[in-house]
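Chains as they are written, first to last, in numbering that gives the first Met the number 0: chain A, 0 to 315; chain B, 0 to 255.
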Amino acid sequence: MANIGVLIEIEGGELKATNFGVITAASEQGKNDVYAIVMEGAAEAVKDQLSAYGAGKIVAADADGLAASPDLQAAVLGAAIQEYSLVGLVGLASARGRDVFARLAAAQGLPMAADCVAVDFAAKTVQKSHFSGKTVATIRLDAEVVLATIRPNAIEPVNAPVEAEVLQFAPAVSGPGRVSIVEAKLSGSDKMDLTEAGVIITGGRPIGSAENYKILEECAAALGSAAVGASRAAVDAGFAPHSMQVGQTGKTVSPKLYIGCGLSGSVQHFAGMKTSKVIVAINTDKDAPIFEKCDYGIIGDLFEVVPALTEALKEK
Amino acid sequence: MQIYVCVKHVPDTAANIKIAGENGYNDSTCKFIANPYDEYAIEAAVQLVEKQGGEVVIVTVGPEAALATMRGAMAMGAHRGILVKVDGQFLDSDITSQALKAAIEKDGAPDLILMGKGAVDTEGFQTQYRLAAAMNLPVINEVLKLTVDGGKAVAEREIGAGSREVLEAPTPCVLGATKGLNEPRYPKFPDIMKAKKKAVQQFTLADLGIDAAGAKSELLKLEPVPERSGAKILEGSTRDRVVELVRILREEEKVL
């Protein structure tokens, strides 16, 4: 048994569902002891949800000023590696995970791989995208501890309940560093982040206006817990904010189902969504490149097809 | 202000990547560009210097061919460049950050170091953190709004679903730029001509006392990602097609 740590993310009081796939990756079918590190003071509250996926140790980590200091969060992770003899530490390749893992790797002089789709702790290898998703790289991390962030939704969570205990962890870590989070500007909407969503429906430039995204939002509601995305062309045209952009200069997503409406299928867009499990395209142009790179296609006008799809989803 | 902008020379995002050997690719057939995220960093640096005065220096670790990419960055308004020449296609981010540090420190005292949030070739997303740690500077990445004034950088980054956080760090610091920070300018012809005459100093890793053999991560294998072989196109009336799609997604693919 090897000890593997997982940085757990709780946002707005909610445990992100994408944490579970990371626990599955850390456990390697029960081969490893998983230490789930919770920094938001909610270890007891999330214990049962985490142990259902195989985390047997829930580490309640605390330090003065932790929430406002990304460098301190990295230092606490470094201390946890020592305290629990971790040979691997993984987390989500989210805004927070990407940042804290890179700080940790840099501070400790350890190699680290970002946005991985597979990790093998014994071999110390990871697989990750290179060249905008056109190639997959196998990288060996030559260190005592394998540090990696994992693409949200890339690894299917597996239910594997274990008995869990909560460990209190208040390491003596030095100063908060010189970077401080001084304010959170919450969007105020209850929209799900694209990278978290299991289903995404995206509108390209033919959507024509910001208001027209309403038809995608209605379809997303009928799909269940789905999020609405936008192409770069739609964002550049001012139809949607950059936070909704999927692709090269936007977000990288890996949902179970990706429905692209009015997308041509550029390399840059595919860089951000090609690891989706099932890709559906709706486009009026039968020669659009997207039809060569997706699973199911409907040749037709999104303004006709999407409302019809919404109706069909609402039945039964 | 003395601003250093680290720019990576990368294959065009639209380029076809042909794997060569176990862990390389054919770089003689693809077009190279400045890493797209680095362009936001160049633009931010040029705007700061236009307002507050100072100098923008482009620092690149890459092959000799990267000179063309650096000229492009200088056409956007940077004043001069430093190229640390390396031979291989891939360089460990730790070694890259050592090279950047040595090149910058040899040249001057930075008030600010900017680069993109990550590079689109290796997608490593960590060099700015390693450079900051090596130089003992604070670092903020994925910056989409920035003010630098009075010895302080105030930056915003997205934390999910349109929510942002605001961070502060004293200067000098290292900042990683992302889309949203600005609109990188298209250089005009006279700027392109002028950029050809701007000075570029060149070093090798050995000149800077750096040994590339110390890498801690190793690219074992590079493989093409198989593309999907083409969509199953659904036929019939709109109604028939969406009903069939819903059936497939629910019953066959089990993703709904």
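Built from N, CA and C at the ideal position, the CB exists for glycine as well.
Since this is a predicted model, take the numbers as computed values, not measurements.
- The three-state reading of DSSP puts Phe290(A) in helix, counting H, G and I together.
- Membership of Phe269(A) in any beta strand (DSSP E) is not indicated; the residue belongs instead to the alpha helix (DSSP H) covering Val266 to Ala270.
- According to the DSSP assignment, Arg246(B) belongs to the alpha helix (DSSP H) that extends over Thr237 to Arg246.
- Using a 10 angstroms sphere on the CB of Val304(A), the tally of other CB atoms reaches 16 or more, which defines it as buried.
- The C-alpha of Ala214(B) lies about 25 Å from the C-alpha of Phe31(B).
- As the crow flies, the alpha-carbon of Ala51(A) is around 24 Å from that of Lys276(A).
- Chain order gives the chain B residues near Tyr295(A) as Ala230, Lys231, Leu233, Leu244 and Ile247, where near means a beta carbon separation below 7 Å.
- The beta carbon of Val144(A) sits closer than 7 Å to the beta carbons of Ile80, Leu85, Val86, Gly87, Leu88 and Leu109 from its chain, once the five residues preceding and following it are set aside; these are given in chain order.
- Judged by DSSP in its simplified three-state form, Val224(B) adopts coil rather than helix or strand.
- Taking each of Thr12(B), Val4(B) and Ile2(B) in turn and checking the Cα distance to Gln267(A), the smallest one comes out for Thr12(B).
- Judged by pairs of C-beta atoms under 8 Å, the region 2–21 of chain B does not touch the region 295–302 of chain A, as fewer than three such pairs exist.
- Inclusion of Val37(A) and Ala25(A) in the CB contact set at 8 Å is not warranted, their separation being larger than that value.
- Looking at the backbone, the Cα of Ser236(B) and that of Leu111(B) are separated by about 60 Å.
- The beta carbons of Cys260(A) and Leu215(A) sit about 7 Å from each other, so the pair counts as a contact at 8 Å.
- If you compare the alpha carbons of Glu182(B), Ala230(B), Phe124(B) and Thr68(B) with that of Gln46(B), the shortest gap goes to Glu182(B).
- The secondary-structure analysis by DSSP pairs Tyr295(A) across a beta bridge with Val279(A) and Lys231(B).
- Per DSSP, Asp93(B) is one residue of the alpha helix (DSSP H) stretching across Ser92 to Asp106.
- Gly4(A) is not a Cβ neighbour of Ala159(A), given a cutoff of 8 Å.
- Excluding sequence positions up to five before and after Lys144(B), its CB lies within less than 6 Å of the CB of Glu155, all in the same chain and listed in chain order.
- Using a Cβ-Cβ cut-off of 7 Å, Val304(A) is close to Thr237 and Val241 of chain B, given in chain order.
- Taking a contact to require three or more Cβ pairs closer than 8 Å, the region 128–137 of chain B and the region 157–165 of chain B do not qualify as touching.
- Under the 10 Å beta carbon count, Phe269(A) is surrounded by 16 or more other beta carbons and is classified as buried.
- Distance from Thr124(A) to Ile138(A) at the Cβ level is roughly 7 Å; contact confirmed, criterion being Cβ atoms closer than 8 Å.
- Ala160(B) sits close to Ser186(A), with the two beta carbons spaced by under 8 Å.
- Your pair Leu262(A) and Gly203(A) checks out as a contact, with CB atoms roughly 4 Å apart and the cut at 8 Å.
- Selection Gly76(B), Tyr24(B) and Asp91(B) evaluated against Val56(B) yields Gly76(B) as nearest (Cα-Cα).
- Residue Gly29(A) holds the alpha-carbon nearest to the alpha-carbon of Ala1(A) among Gly29(A), Thr248(A) and Ala136(A).
- Counting C-beta atoms within 10 angstroms of its own C-beta, Ile232(B) has fewer than 16 neighbours from the protein chains shown and is therefore classed as exposed.
- A direct Cα-to-Cα measurement between Tyr212(A) and Leu166(A) gives close to 46 Å.
- Under the DSSP assignment, Asn140(B) falls in the beta strand (DSSP E) whose first and last residues are Val138 to Asp148.
- In the same chain as Leu71(A), and ignoring 5 residues on each side of it, the C-beta atoms closer than 7 Å to its own belong to Ala62, Gly64, Leu65, Val172, Pro175 and Gly176, in chain order.
- Chain B places no beta carbon closer than 8 Å to that of Val116(A), leaving this residue out of the contacts.
- Contact between Tyr36(B) and Gly117(B) holds: their C-beta atoms lie close to 6 Å from each other, under 8 Å.
- Around the beta carbon of Pro151(A), a 10 Å sphere encloses 16 or more other beta carbons of the protein chains shown; the residue is thus reported as buried.
- Residue pairing by DSSP leaves Tyr212(A) without any beta bridge partner.
- Taking CB atoms only, Pro10(B) has a neighbour in chain A less than 8 Å away.
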